[in-house]
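What follows is a short report on a single structure.
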Amino acid sequence: MKIHFSASSHEEATLRLDALTRLYGQADVETADYIVPLGGDGHMLHVLHDTMDYGLPVFGMNCGRLGFLMNHYASAELPERLAAAESAPLHPLRMTAVGIDGVTSDALAINEVSLIRQTHNAAHIGITVDDKHQLEQLVCDGVLLATPAGSTAYNLSAHGPIIPLGAGLMALTPISPFRPRRWRGALLGEQSHVVLDILEPDFRPVSVSADSTEFRKVKSVSIKQASDITLNLLYDPGFSLTDRAISEQFLT
Numbered sequence: 003m004k005i006h007f008s009a010s011s012h013e014e015a016t017l018r019l020d021a022l023t024r025l026y027g028q029a030d031v032e033t034a035d036y037i038v039p040l041g042g043d044g045h046m047l048h049v050l051h052d053t054m055d056y057g058l059p060v061f062g063m064n065c066g067r068l069g070f071l072m073n074h075y076a077s078a079e080l081p082e083r084l085a086a087a088e089s090a091p092l093h094p095l096r097m098t099a100v101g102i103d104g105v106t107s108d109a110l111a112i113n114e115v116s117l118i119r120q121t122h123n124a125a126h127i128g129i130t131v132d133d134k135h136q137l138e139q140l141v142c143d144g145v146l147l148a149t150p151a152g153s154t155a156y157n158l159s160a161h162g163p164i165i166p167l168g169a170g171l172m173a174l175t176p177i178s179p180f181r182p183r184r185w186r187g188a189l190l191g192e193q194s195h196v197v198l199d200i201l202e203p204d205f206r207p208v209s210v211s212a213d214s215t216e217f218r219k220v221k222s223v224s225i226k227q228a229s230d231i232t233l234n235l236l237y238d239p240g241f242s243l244t245d246r247a248i249s250e251q252f253l254t
């Protein structure tokens, strides 16, 4: 079994990287059977983006704080854990943003695509889903579209719903909405095509982020699930993303 380890810059992660590579060696990512990130959710997302083209299963081990996307850390019996792990397939979001200068930019998001106002002026955003205008004008600090994996991250902080993996849904969640006051977001089918149009983009500039990739002063953002890309996350039995998403809903 060939394992490629990747550690975040935190001291604990680098120390564990040394210990694990002494035990199991360090395979090049080009020849590896598995990728094992060591760190927190931020490092996990970084590794998933960087190694997406290899199509390898990824088994993260937590060396950070929350580590919602990670398994618990243990150096013993890692090959056995990898062999027994359950797969959690995940499709990222494909975002296309058009700037006020007409430049088009593309990016993938594993957690969420989020739009945020750049100045003191509230953002005014029109929302279209599957070619149907659903909101002519959302007055807000921003809005985000989250995958099930990202539903417990920024989406949850913005009071969006938690979505178990495999539910076939995405969460469209406003950030500090002012008008319409009673709109708190929507659950959309995973095949939905969402277009977010920024109204008065020069006077009310908005930036968009696909995970950590940001583009500023955009006038339109188109988002669809990248069904042609499948990320294979691995989890210890009974410790899957779906199990944790369900448990998270009962926390007080």
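Taking the working numbering, I'd label the letters of the sequence shown as residues 3 to 254.
All residues carry an ideal CB built from backbone N, CA and C; glycine is no exception.
Owing to the predicted nature of the structure, the values given are computational and were not obtained by experimental measurement.
- In this structure, the alpha-carbon of GLY44 lies about 10 Å from that of LEU50.
- Looking from the CA of GLU32, the closest CA among ALA21, SER11 and TYR56 belongs to TYR56.
- Taking HIS93 as the centre and dropping the five residues before and after it, the same chain places the C-beta of GLN227, ALA228, SER229, ILE231 and THR232 closer than 7 Å to its C-beta, in chain order.
- Within the same chain, Cβ atoms closer than 6 Å to the Cβ of MET3 are found at ASP35 and PRO81, the five residues on either side in sequence being excluded.
- Beta-bridge pairing by DSSP links GLU88 to TYR237.
- Here DSSP, grouped into helix, strand and coil, assigns SER178 to coil.
- Along the region 85-158, the beta strand (DSSP E) occurs as fully enclosed runs of 3 or more residues at 88-92, 95-101, 106-111, 114-119, 125-131, 134-142 and 144-148, listed in sequence order.
- Between the beta-carbon of LEU71 and that of GLY62 there is about 6 Å, and that keeps the pair under the 8 Å contact cut.
- Counting only runs of at least 4 residues, the region 13-93 fully encloses the following alpha helix (DSSP H) elements, listed from N- to C-terminal order: 13-26, 43-52 and 80-86.
- Under the criterion of beta carbons closer than 8 Å, ILE165 and PRO179 do not qualify as touching, at roughly 20 Å.
- Here the alpha carbons of LEU95 and THR254 stand approximately 30 Å from one another.
- Under the three-state reduction of DSSP, ILE5 is assigned to strand.
- Under the DSSP assignment, LEU190 falls in the beta strand (DSSP E) whose first and last residues are 188-191.
- Residue environment for PHE205: exposed (fewer than 16 other C-beta atoms within 10 angstroms of its C-beta).
- By the C-beta density criterion, LEU17 is exposed, having fewer than 16 other C-beta atoms within 10 angstroms.
- The Cβ-Cβ distance between LEU198 and ILE127 falls below 7 Å.
- When only Cα atoms are considered, ALA29 and ASN113 end up about 28 Å apart.
- Inter-residue distance for CYS142 and ILE200 is about 11 Å (C-alpha atoms, whole angstroms).
- With the rule of 3 Cβ pairs closer than 8 Å, the region 182-195 does not count as touching the region 109-123.
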